[in-house]
Amino acid sequence: MKVLVIPDVHLKTWIFDKAENVLKSGKAERAVCLMDMPDDWDMEFQIDRYRAIYDRAIAFAKEYPDTLWCYGNHDLSYPWGRLESGYSPYADRTVMEKLGELEKSLKNSSQINIMHRIGRVLFSHAGLSMEFVKSLNKKLLDGNIDEVLHSVNTASQDKLWNNESPLWLRALDVRRKAFRGEKYKQVVGHTPVEKIMEQGGMIFTDVFSTDREGTQIGESAMVVIDSETGEYEVVEV
Numbered sequence: 001m002k003v004l005v006i007p008d009v010h011l012k013t014w015i016f017d018k019a020e021n022v023l024k025s026g027k028a029e030r031a032v033c034l035m036d037m038p039d040d041w042d043m044e045f046q047i048d049r050y051r052a053i054y055d056r057a058i059a060f061a062k063e064y065p066d067t068l069w070c071y072g073n074h075d076l077s078y079p080w081g082r083l084e085s086g087y088s089p090y091a092d093r094t095v096m097e098k099l100g101e102l103e104k105s106l107k108n109s110s111q112i113n114i115m116h117r118i119g120r121v122l123f124s125h126a127g128l129s130m131e132f133v134k135s136l137n138k139k140l141l142d143g144n145i146d147e148v149l150h151s152v153n154t155a156s157q158d159k160l161w162n163n164e165s166p167l168w169l170r171a172l173d174v175r176r177k178a179f180r181g182e183k184y185k186q187v188v189g190h191t192p193v194e195k196i197m198e199q200g201g202m203i204f205t206d207v208f209s210t211d212r213e214g215t216q217i218g219e220s221a222m223v224v225i226d227s228e229t230g231e232y233e234v235v236e237v
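When we follow the UniProt record's numbering, the leftmost residue of the sequence shown carries the number 1, and every step to the right adds one.
Dropping the structure here:
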C-alpha cells in the first residue's frame with residue numbers, strides 16, 4: 001500500500017490542501033498525519049488560526065476516513081497541562097475542544113494515537129528508539145511488534161513526556177538506534193530538516209516548519225511510502 005505522510009502542521013491549513021492533491025492524483029491510497037497541529041511562532045493570540053486548523057483537519061478526516069493520526073508533543077501539551085515553547089494559554093480551551101472534535105470525527109478511536117503501524121512501516125511524531133522500548137520493559141525488546149506499540153500507546157504521561165519518547169526524540173541529534181530498524185522503516189516529523197532525508201532507519205519529513213521570521217525551513221515536499229517494501233518517493237507539492 002502507498003501511504004502519504006503529512007508532516008508537522010503548525011496552523012498551516014494549506015498543508016491539507018496539498019495532501020488532498022496528492023491523494024487525488026492517485027500517488028497514494030491513504031494518509032498518516034504526524035500532527036503537531038497547534039502553535040507556531042508569535043501566533044499565541046491568533047485563536048481563529050487555531051480553530052481553523054482543526055476544522056480543516058476534521059474536514060480532511062471526513063473526506064479521507066482511513067487516515068491515521070499520530071499525536072505530537074504540541075497536541076498533547078494542552079490536554080496534559082504540560083506547558084512548553086509555543087503553548088498558548090489563550091488558545092487552551094479552543095485546542096482541547098477542537099482536538100476532542102477531531103477525535104470524535106474518526107471512524108474508530110484507535111485511528112489517533114502515539115504510534116501506528118501499516119505493514120512494515122512505523123509512524124510516530126518523533127520516532128521510536130531501542131532505548132525507549134527498553135525503558136518501558138526490557139522484555140519488549142524481543143516482543144511482538146503490536147505488543148510493543150500497545151505498550152507505547154498506553155504508556156504513562158511521565159514516560160511519554162521526556163526526550164526519549166516518540167513525542168520528543170531528536171533522533172538526528174542524539175543518534176539513537178531505531179527500534180528494529182533492520183525490519184521496520186520509521187517515518188517521523190518533529191525535527192525540522194531542509195530536505196526529506198533518511199538516517200538510521202528513520203525518514204525525517206518535517207520540511208514545512210518555519211524559523212522565527214516565518215520563512216519555511218525545508219523543501220515543499222511530502223513522502224509517499226510503500227508499506228511493505230519501505231521504499232519511498234519524495235513528492236513535490
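From the three backbone atoms N, C-alpha and C, an ideal C-beta is built for every residue, glycine too. Keep in mind that this is a model prediction, so the values were computed, not measured.
Looking at the DSSP output, Tyr-232 shares a beta bridge with Ile-225. DSSP, read as helix, strand or coil, puts Val-187 in strand. In the structure shown, His-10 adopts coil according to DSSP, grouped into three states. The beta-bridge partner set that DSSP reports for Gln-199 consists of Met-202. For the 8 Å CB-CB criterion, Asp-66 and Leu-34 do not form a contact. By the beta-carbon neighbour count (other beta carbons within 10 angstroms, threshold 16), Val-174 is exposed. Linking Pro-38 to Arg-51 through their CA atoms gives a straight-line distance of about 9 Å. According to the DSSP secondary-structure assignment, Phe-123 is paired through a beta bridge with His-116 and Val-187. With a cutoff of 8 Å on beta-carbon distance, Lys-177 and Ser-129 are scored as near each other. DSSP lists Val-32 as the bridge partner or partners of Leu-68. Just so you know, the alpha carbons of Asp-75 and Asp-48 end up roughly 17 Å apart. Here the alpha carbon of Asn-144 sits roughly 13 Å from the alpha carbon of Val-152. By DSSP's assignment, Ala-178 forms a beta bridge with Ser-129. Restricting attention to Glu-233, Gln-216, Thr-215 and Ile-217, the CA atom closest to the CA of Val-223 is found in Glu-233. In this chain, the alpha helix (DSSP H) harbouring Asn-73 covers 73-76.
Taking each of Leu-23, Lys-2, Leu-11 and Ile-203 in turn and checking the Cα distance to Val-237, the smallest one comes out for Leu-23. Inclusion of Val-193 and Val-207 in the CB contact set at 8 Å is warranted, their separation being smaller than that value. Of the residues assessed, Asp-146 falls on the exposed side of the cut-off, its CB having fewer than 16 other CB atoms within 10 angstroms.
Pro-79 is positioned such that its CB atom lies no closer than 8 Å to that of His-125.
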